[in-house]
Amino acid sequence: MRTLKRKGEIESLLENYRNNEKSIGFVPTMGALHRGHLSLIRKAKEENDICVCSIYVNPTQFNNPNDLEKYPRQLEEDIKLLENINCDILFAPDNEEMYPENEDEMSFNFGELENVMEGKYRPGHFMGVGTIVKKLLDIVKPNRAYFGKKDYQQLLIIRSVCEQYNIDTEIIGCEIIREEDGLAMSSRNKRLSPKQREEAPYIYSVLDYASIMGRRMQVTDLKDWVAKKISSNKEMELEYFEVCDANDLSIIKEWGYDQKVMGFIVVNMGDIRLIDNINI
Numbered sequence: 000m001r002t003l004k005r006k007g008e009i010e011s012l013l014e015n016y017r018n019n020e021k022s023i024g025f026v027p028t029m030g031a032l033h034r035g036h037l038s039l040i041r042k043a044k045e046e047n048d049i050c051v052c053s054i055y056v057n058p059t060q061f062n063n064p065n066d067l068e069k070y071p072r073q074l075e076e077d078i079k080l081l082e083n084i085n086c087d088i089l090f091a092p093d094n095e096e097m098y099p100e101n102e103d104e105m106s107f108n109f110g111e112l113e114n115v116m117e118g119k120y121r122p123g124h125f126m127g128v129g130t131i132v133k134k135l136l137d138i139v140k141p142n143r144a145y146f147g148k149k150d151y152q153q154l155l156i157i158r159s160v161c162e163q164y165n166i167d168t169e170i171i172g173c174e175i176i177r178e179e180d181g182l183a184m185s186s187r188n189k190r191l192s193p194k195q196r197e198e199a200p201y202i203y204s205v206l207d208y209a210s211i212m213g214r215r216m217q218v219t220d221l222k223d224w225v226a227k228k229i230s231s232n233k234e235m236e237l238e239y240f241e242v243c244d245a246n247d248l249s250i251i252k253e254w255g256y257d258q259k260v261m262g263f264i265v266v267n268m269g270d271i272r273l274i275d276n277i278n279i
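Those letters in the sequence shown? Residues 0 to 279, per numbering that gives the first Met the number 0, in order.
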């Protein structure tokens, strides 16, 4: 595996592959890799000639400085994991490489997408996500890029970035990878205490039941039920549970005929923020 830290180096290398008609699959990450990330990389390897992974903890998408400071970083361990699954190229830039001085700020229009859920509760988050994803896609110029559906709203934001800037990359959403007890895999899980880790699967058990019961209840009753269940766990504080149209994330108040609907939840366990979603 080649590990590169400079934009010019990776751009030159990938240009050679493109000139030889090699397809490129790309998995951008913030490191602290887990089986969810590795499943994306395996899919990228299966569907492309060359697999590129990036590791970069992007400061502009953290609206909470404490969250940025505590985000797990383990580059040497991550490199070993990537080598073990035969990733071809790792791009691991620093802040100076990705955010040079006197650079023009990017602008995006995400419409209502940035006013609900993560956009509402994490102001500026999606501007940061959009900026770094566009920068990385401009550098790598992949045929396909792979993202997990755990961050479903982010997936729609990234597709919007590609539409707004006419980026010719296929954005592929991949299913959530879970621990055996149902907890959605996340780099933040590493920060859970043993007690918190023991309790954390309760989030998915509530979501799973909400998915089963879903349309047998009114939307408001379902939301109240989820809130009550989460608040009954002393380790957890519900930030939000929303029921949305899966296509545009508009919040729904009643069930529509033949409408694809998803439930989205964020639960805080101490200062650790856990996110999950499910089809309803």
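Quick reminder that beta carbons are idealized off the backbone N, C-alpha and C, glycines included.
- What are the boundary residues of the alpha helix (DSSP H) that residue 1 is part of? Counting along the chain, residue 1 falls outside any alpha helix (DSSP H), though it belongs to the beta strand (DSSP E) covering 1 to 3.
- Do you know offhand how far residue 0's Cα is from residue 6's? 17 Å
- Task: Evaluate the contact criterion for the stretch 43 to 57 versus the stretch 18 to 26: three or more CB pairs, one atom per stretch, below 8 Å.
- Result: yes
- Message: According to DSSP, simplified to helix, strand and coil, what is residue 43?
- Response: helix
- Quick one: residues in its chain with C-beta nearer than 6 Å to the C-beta of residue 48, no 5 flanking neighbours on either side, listed in chain order? When the five nearest sequence neighbours on each side are left out, the beta carbons in the same chain lying within less than 6 Å of the beta carbon of residue 48 are those of 21, 22, in order along the chain.
- Scan the stretch 85 to 133 and note each continuous beta strand (DSSP E) run of 3 residues or more that stays entirely inside, going in chain order. 88 to 90
- Item | C-beta contact flag for residue 252 and residue 278 at 9 Å | no
- Cβ shell of residue 17 (< 8 Å), same chain only, five flanking positions each side left out: 23, 140
- When you compare each of 111, 65, 37, 197 to residue 54 by their alpha carbons, which one comes out closest? 37
- Taking the C-alpha atoms as reference points, what is the distance between residue 161 and residue 167? 7 Å
- Would you kindly work out how many angstroms separate the C-alpha atoms of residue 95 and residue 163, rounded to a whole number? 26 Å
- Message: Using a 10 Å radius around the Cβ and a threshold of 16 neighbouring Cβ atoms, would you call residue 99 buried or exposed?
- Response: exposed
- Indicate whether the contact test is met: 3 or more Cβ pairs, each with one atom in the stretch 130 to 137 and one in the stretch 50 to 67, closer than 8 Å. For the pair of segments examined, the stretch 130 to 137 was found to touch the stretch 50 to 67: the number of CB pairs separated by less than 8 Å reaches three.
- Indicate the three-state DSSP secondary structure (helix, strand or coil) for residue 59 in the structure shown. DSSP places residue 59 in helix when its eight states are reduced to three.
- Task: Taking all protein chains shown into account, decide if residue 203 is buried (16 or more other Cβ within 10 angstroms of its Cβ) or exposed.
- Result: buried
- Query: Considering only residues of the same chain and omitting the five flanking positions on each side of residue 159, which have a CB-CB separation below 6 Å?
  - Reply: 109
- Query: Taking C-alpha atoms, which residue in 226, 72, 93 lies nearest to residue 208?
  - Reply: Answer by Cα proximity: 226.
- Task: Please check the pair residue 126 and residue 107, which I expect to be a contact at CB under 8 Å, by giving their CB distance rounded to whole angstroms.
- Result: 6 Å
- Task: Starting from the Cα of residue 191, find the closest Cα among 234, 165, 81 and give me that residue.
- Result: 234
- Query: Can you tell me the Cα-Cα spacing of residue 118 and residue 124, whole angstroms?
  - Reply: Their backbone Cα atoms lie some 7 Å apart in a straight line.
- Query: When the Cα atoms are used, what is the spatial distance from residue 83 to residue 155?
  - Reply: 31 Å
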